[in-house]
Amino acid sequence: MQAMLLLILISFAIMSVAGLCFLWAVKSRQFDDMDRGALIALREASDETRQSKTPSTDNEE
Amino acid sequence: MITSLAIADMHCAACVGKVEAALARVPNVIGCEVNPVRREVFIEHEDGVRSDELISRIVDAGFSASLLSASLGSSDEDRRLLSRLGIAGLAMMQVMMVSVALYAGGFYGMEEHFRQLLQLSSLIFCIPVVSYCALPFFTSALSCLGVGGPARGLNMDVPIALAIAVAFSASLVATFKGTGEVYFDSVVMFTFLMLGARYFDARLRNSLTISDGVLASLPRTAQRRNADGRWQPVPLKELTIGDVLWIAEGELIPVDGVIDESPGASDVALDESVLTGESAIARRSVGEAVYAGTINLGAGFSLAATTTASATRLAQIDELAKTLHGGKHALVRLADRVARVFVPVVLCLAAATYIGWSLVDPGRALSAALAVLVVSCPCALALASPAALTAAMSSLRQKGVLVKNSAALESVSAIRDVYFDKTGTLTEPLLSIQHIERYSNVDEAWLRGAVAALQKHSSHPFATAFRTADAMQAEQVETVAGAGISGVVDGRRIQVGSADFVSAQLASTNVSAPSTVSFFVRIDQKLAARIDLATRLRADARSTISELARLGIRSVILSGDDDAHCRAVATQLDIDYIAGCTPESKAERLADQAALFVGDGINDVPALAGAAVSAATLETSDLVKSRADVLLLSDRLGALTSLVQVGRRMLTIMRQNLLWAALYNLTAIPLAAFGFAPPWLAAIGMASSSLLVLANATRVLRDQPLPPGDEHTLALATAQGAG
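Those protein sequence lines, which keep their order, are chains A and B. Residues 0 to 60 (numbering that gives the first Met the number 0) are what the first sequence spells out, left to right. Residues 0 to 722 (numbering that gives the first Met the number 0) are what the second sequence spells out, left to right.
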């Protein structure tokens with residue numbers, strides 16, 4: 000009985016943490032644009048090739 | 000502040016990097032988010048940054064950009080809904096896990112205190128779902144029933160809220176009394192699924208907002224001449240008829256009026272393309288009428304207002320378009336129509352079930368009534384059309400078509416004719432160099448470069464013809480309003496412009512074809528060349544028209560131009576034409592026809608609003624964009640075939656979905672009412688019917704048409720299919 004109670008409490012705690020993380024992620028606009036992530040890998044590669052061709056002064060993240 | 004721009008020719012990750020780098024160099028820009036799939040960029044910046052400055056930076060980087068809307072991203076509303084959906088999803092996982100134990104206990108027997116503990120833990124996970132996630136259903140249902148305002152009649156949220164509230168309170172009582180059924184699992188799953196459907200719908204509607212056009216971009220103030228002859232800025236709405244206003248070079252004209260004085264030049268050069276759709280420069284002399292929304296390309300002039308700001312021709316066109324457009328929006332969303340009929344029926348059925356079972360077996364009354372409420376929630380019915388629409392819209396978006404009016408997409412499949420505006424739609428919106436006639440032995444490449452160098456300093460529509468030429472450096476550039484431009488390139492003095500400007504004696508009679516515009520170049524005071532500019536057919540105009548014909552759709556030119564111009568283009572493309580149309584006659588012709596209209600100018604606005612489906616290219620003005628049902632984001636007309644194909648497929652799938660949802664409800668409601676389906680089974684039934692509808696909708700995305708160039712494969716496939 001105690002073991003089960005403990006497990007249920009733990010699961011509630013984990014769910015709360017997960018829920019708060021999710022709320023934070025939504026609030027910080029991480030779900031606003033779902034298409035961009037897939038292209039990040041491609042983009043870094045093309046940035047390198049661009050920089051090797053022409054010295055760039057861009058300040059990118 | 001956030002500005003969002005559409006960038007039509009951004010295709011790859013490298014383009015994204017270039018756009019971001021260009022924007023990063025603009026002062027006071029805080030950051031930007033580029034979405035390469037939708038070809039949009041959201042720019043966060045301080046309030047002082049003007050959108051035209053941002054656009055010009057992107058243009059400098061080699062892209063074409065236009066304003067998509069004043070301030071939009073994913074809205075707060077959207078984010079709140081997603082938060083609710085996520086929390087409900089997390090809670091659902093927990094409650095389901097506990098439910099498995101409870102059901103196992105129900106089958107094989109379970110000690111009472113274990114059962115109570117498990118029920119209590121379900122309750123704990125359920126509380127945030129009911130108190131936070133399901134809140135929109137409660138507030139909407141209450142406001143519909145007239146709490147805190149006038150009653151608005153039943154909507155779909157009423158049975159949803161009722162089912163959640165009744166199931167939750169019954170379970171609460173059962174948990175603490177230790178007798179009766181608990182429905183926490185049904186409550187949580189039901190809330191999650193309904194929120195999912197709602198989120199779908201919100202995403203759909205949020206992606207469609209576009210700013211309301213040129214009227215909004217007119218300046219807020221105008222320079223008015225006081226009694227003492229001094230110029231003073233006054234708010235636009237304070238202007239009265241007869242006021243004299245100063246219109247500086249490059250400014251938008253705020254009200255209709257007549258030209259009062261033009262001290263800089265003999266006539267006034269205007270870009271009237273916003274009203275006429277024609278890129279050729281318009282010349283007006285003192286006493287002639289000019290219209291709000293046109294741009295002063297030449298020197299400043301003064302204007303006597305003949306209308307107030309709210310009664311201009313532009314405002315009238317906009318008004319006309321709005322009334323026509325309003326009729327289209329009168330098509331109430333299908334889900335709402337269904338709900339209006341369906342909801343009272345469902346409530347009555349649930350009540351009848353409860354009363355019926357109370358007479359026969361009171362212990363099962365609540366369970367059966369809840370099952371009816373849950374099973375019949377018109378979830379599948381509500382999802383059937385939005386899901387297919389969303390899938391179709393995102394599929395089209397990736398093909399370069401932005402669907403603004405989803406109702407219009409439903410009528411795409413009925414289309415039998417496509418009417419094209421000629422100028423700027425079938426032809427390139429920009430002028431191109433057709434012919435260079437040299438009068439001296441000047442090198443042609445050098446000439447192009449030199450002229451391009453001068454034209455870089457010009458806002459004249461002709462300058463666009465030289466965009467692609469390799470420009471040299473020009474010095475001492477002077478613009479003579481409405482006549483031409485002069486400067487020094489490679490140490491040689493060059494003048495480019497009209498015949499009058501370059502040489503007073505030169506007669507302009509030797510112009511070749513009617514569709515060309517000519518201007519002259521003089522180098523070191525000697526006449527050097529004549530350059531003919533012409534409009535050119537869009538590269539894929541012919542292939543698009545034959546593709547459309549293959550789909551059983553007839554193409555027709557509907558133009559305001561004269562017969563000769565139209566015939567020239569129509570014979571090239573081998574299609575019919577109707578010449579000499581006014582904006583009103585275009586709209587009349589299109590009314591009550593299953594036709595798609597493709598246009599680009601403000602003169603097309605009534606026709607765009609009146610056609611069953613209207614499309615516009617992105618290079619057009621904001622007013623046109625705001626009135627068209629569909630925007631072609633790239634300069635490819637071929638996107639129209641995608642529009643027709645996806646529209647047809649969407650309607651098929653939508654019909655399948657509606658049929659399935661109707662059949663499901665017709666069989667499931669009697670089952671639930673006669674007690675064959677407990678609430679949990681009802682929730683699963685509802686969930687699986689919704690999933691089926693969603694899965695079916697994604698088929699719109701999956702059936703990609705073959706890429707251009709694969710016609711042979713397609714022909715083979717068709718031949719094999721037929722054989």
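Glycine is no exception: its CB is placed at the ideal position from the N, C-alpha and C atoms.
Practice item. Using the Cα positions of residue 24(B) and residue 57(B), report the straight-line distance between them to the nearest angstrom. Key: Taking the first residue of the second sequence as position 1, residue 24(B) is located at position 25. Taking the first residue of the second sequence as position 1, residue 57(B) is located at position 58. The alpha-carbon atoms of residue 24(B) and residue 57(B) are separated by roughly 11 Å.
Check your understanding: Is DSSP giving residue 60(B) helix, strand or coil here?
Key -> Counting from one through the second sequence, the residue named residue 60(B) turns up at place 61. Correct three-state label for residue 60(B): coil.
Exercise for review: Going by DSSP, name the residue or residues bridged to residue 31(B).
Suggested key: For the purposes of this step, residue 31(B) is identified with residue 32 of the second sequence, where counting begins at 1. Paired residues: 42(B).
Check your understanding: Where do the ends of the beta strand (DSSP E) carrying residue 525(B) lie?
Key -> In the second sequence, counting from the first residue as 1, residue 525(B) sits at position 526. Where residue 525(B) is concerned, the enclosing beta strand (DSSP E) stretches over 525-533.
Practice item. Compare the C-alpha of residue 347(B) against each of 313(B), 108(B), 526(B) and 668(B) and name the closest. Key: Against the second sequence, residue 347(B) aligns to sequence position 348. That would be 668(B), whose Cα lies nearest to the Cα of residue 347(B).
Exercise for review: Identify which residue in 298(B), 603(B) and 258(B) has its Cα closest to the Cα of residue 285(B).
Suggested key: Along the second sequence, one-based indexing puts residue 285(B) at 286. Ranking the options by Cα distance to residue 285(B), first place goes to 258(B).
**Study point:** Burial state of residue 685(B) (16 or more Cβ within 10 Å)
**Key:** Along the second sequence, read from residue 1 onward, the residue named residue 685(B) stands at position 686. Under the 10 Å beta carbon count, residue 685(B) is surrounded by 16 or more other beta carbons and is classified as buried.
Practice item. Determine the chain B residues that contact residue 16(A) at a beta-carbon separation under 7 Å, and present them in chain order. Key: Your numbering for residue 16(A) matches position 17 in the first sequence. Against chain B, the beta carbon of residue 16(A) has no neighbour under 7 Å; the closest one sits roughly 10 Å away.
Practice item. Find out if the Cβ-Cβ distance for the pair residue 539(B), residue 637(B) is shorter than 7 Å. Key: Taking the second sequence and counting its residues from 1, one reaches residue 539(B) at position 540. Taking the second sequence and counting its residues from 1, one reaches residue 637(B) at position 638. For residue 539(B) and residue 637(B), yes; Cβs fall inside 7 Å.
Review point. Since residue 78(B) meets chain A, which of its residues come closer than 9 Å, beta carbon to beta carbon?
Key: Taking the second sequence and counting its residues from 1, the one referred to as residue 78(B) is at position 79. Neighbours of residue 78(B) on chain A, chain order: 25, 26, 28, 30 and 31.
Exercise for review: State the Cα-Cα distance for the pair residue 544(B) and residue 604(B), rounded to the nearest angstrom.
Suggested key: Here residue 544(B) is taken as the residue at index 545 of the second sequence, counted from 1. Here residue 604(B) is taken as the residue at index 605 of the second sequence, counted from 1. So the two alpha carbons sit approximately 23 Å from each other.
**Study point:** Residues that residue 112(B) contacts on chain A, provided the C-beta gap is smaller than 8 Å
**Key:** Along the second sequence, one-based indexing puts residue 112(B) at 113. 0, listed in chain order.
Check your understanding: Between which two residues does the alpha helix (DSSP H) harbouring residue 465(B) extend?
Key -> The sequence position of residue 465(B) within the second sequence is 466, counting from 1. Secondary structure note for residue 465(B): it is in no alpha helix (DSSP H), with a DSSP letter that is neither H nor E.
Point to revise | Backbone CA spacing between residue 364(B) and residue 672(B) [nearest angstrom] | key: Translated into the one-based positions of the second sequence, residue 364(B) becomes position 365. Translated into the one-based positions of the second sequence, residue 672(B) becomes position 673. Residue 364(B) and residue 672(B): Cα-Cα distance of roughly 9 Å.
Check your understanding: Is it a yes or a no for the region 521-541 of chain B touching the region 383-394 of chain B, going by three-plus beta-carbon pairs under 8 Å?
Key -> Result no; under three Cβ-Cβ pairs closer than 8 Å.
Check your understanding: With respect to the alpha helix (DSSP H) encompassing residue 640(B), which residues constitute its N-terminal and C-terminal limits?
Key -> Along the second sequence, read from residue 1 onward, the residue named residue 640(B) stands at position 641. Boundaries of the alpha helix (DSSP H) harbouring residue 640(B): 638-672, taken from the DSSP string.
Check your understanding: When the Cα atoms are used, what is the spatial distance from residue 393(B) to residue 123(B)?
Key -> Stepping through the second sequence from its first residue, residue 393(B) is reached at position 394. Stepping through the second sequence from its first residue, residue 123(B) is reached at position 124. Residue 393(B) and residue 123(B): Cα-Cα distance of roughly 39 Å.
Check your understanding: Quick one, which of 102(B), 109(B) and 195(B) has its alpha-carbon nearest residue 135(B)'s?
Key -> Stepping through the second sequence from its first residue, residue 135(B) is reached at position 136. Restricting attention to 102(B), 109(B) and 195(B), the CA atom closest to the CA of residue 135(B) is found in 195(B).
**Study point:** Residue-chain proximity (residue 22(A), chain B), Cβ-Cβ < 7 Å
**Key:** Along the first sequence, read from residue 1 onward, the residue named residue 22(A) stands at position 23. Contacts with chain B at 7 Å (Cβ-Cβ) include residue 22(A).
Check your understanding: Count the other CB atoms within 10 Å of the CB of residue 344(B); is the residue buried (16 or more) or exposed (fewer)?
Key -> The residue labelled residue 344(B) in the question sits at position 345 within the second sequence. Looking at its Cβ environment, which holds fewer than 16 other Cβ atoms inside 10 Å, residue 344(B) is exposed.
Check your understanding: So which residues on chain A does residue 738(B) lean against when the C-beta distance must stay under 8 Å?
Key -> Here chain B covers residues 0 to 722 and nothing more, so residue 738(B) does not appear.
Review point. Mind checking if residue 9(A) is an interface residue toward chain B, Cβ cutoff 7 Å exclusive?
Key: Along the first sequence, one-based indexing puts residue 9(A) at 10. In terms of beta-carbon proximity, residue 9(A) stays away from the interface with chain B, with every pair separated by 7 Å or more.
Review point. Mind listing which residues of the region 586-618 of chain B have their C-beta closer than 7 Å to chain A's C-betas, in chain order?
Key: Residues: none.
Exercise for review: Please state whether DSSP places residue 30(A) in a helix, a strand or coil.
Suggested key: Position 31 of the first sequence, counting from 1, holds the residue named residue 30(A). It is coil, neither helix nor strand.
**Study point:** C-beta neighbour in chain A for residue 120(B), strict 7 Å
**Key:** What you label residue 120(B) is simply residue 121 of the second sequence in a count that begins at 1. Chain A contact via Cβ: present.
Check your understanding: Is it true that the CB of residue 373(B) sits closer than 7 Å to the CB of residue 678(B)?
Key -> In the second sequence, residue 678(B) corresponds to position 679, counting from 1. In the second sequence, residue 373(B) corresponds to position 374, counting from 1. Yes, the pair counts as a contact, with Cβ atoms nearer than the cut-off.
Practice item. Ignore the nearest five residues each way along the sequence and tell me which others in residue 586(B)'s own chain have a CB closer than 6 Å to its CB. Key: Locating residue 586(B) in the second sequence gives position 587, counting from the first residue. Cβ within range, chain order: 605, 606 and 609.
Review point. Span of the alpha helix (DSSP H) holding residue 443(B)?
Key: Stepping through the second sequence from its first residue, residue 443(B) is reached at position 444. It spans 443-454 - the alpha helix (DSSP H) in which residue 443(B) sits, taken as one unbroken run.
Check your understanding: Which of helix, strand or coil does DSSP assign to residue 295(B)?
Key -> For this step, residue 295(B) is matched to residue 296 along the second sequence. Correct three-state label for residue 295(B): strand.
Check your understanding: Between the beta-carbon of residue 590(B) and the beta-carbon of residue 188(B), is there less than 7 Å?
Key -> Counting from 1 along the second sequence, the entry for residue 590(B) is found at position 591. Counting from 1 along the second sequence, the entry for residue 188(B) is found at position 189. No, Cβ-Cβ distance for residue 590(B) and residue 188(B) is not below 7 Å.
Check your understanding: Going by DSSP, which residues form a beta bridge with residue 434(B)?
Key -> As a first step, residue 434(B) is located in the second sequence; it is residue number 435 there, counting from the start. When DSSP reads this structure, residue 434(B) sits in a beta bridge with 531(B).
Exercise for review: Tell me where the beta strand (DSSP E) around residue 253(B) begins and ends.
Suggested key: The residue given as residue 253(B) occupies position 254 in the second sequence. Counted as a single uninterrupted DSSP element, the stretch harbouring residue 253(B) is not any beta strand (DSSP E), since DSSP gives it neither H nor E.
Review point. So who's on the other strand from residue 260(B), going by DSSP bridges?
Key: In the second sequence, the residue the question calls residue 260(B) occupies position 261. Looking at the DSSP output, residue 260(B) bridges to 301(B).
Point to revise | Inside the region 350-431 of chain B only - beta strand (DSSP E) runs reaching at least 3 residues | key: Along the region 350-431 of chain B, the beta strand (DSSP E) occurs as fully enclosed runs of 3 or more residues at 400-402 and 416-419, listed in sequence order.
Exercise for review: Ignore the nearest five residues each way along the sequence and tell me which others in residue 101(B)'s own chain have a CB closer than 6 Å to its CB.
Suggested key: For this step, residue 101(B) is matched to residue 102 along the second sequence. Only 117 meet the Cβ criterion.
Check your understanding: Just the Cα atoms here: how many angstroms apart are residue 55(B) and residue 62(B)?
Key -> On the second sequence, position 56 is the one that residue 55(B) refers to. On the second sequence, position 63 is the one that residue 62(B) refers to. Their Cα atoms are separated by approximately 9 Å.
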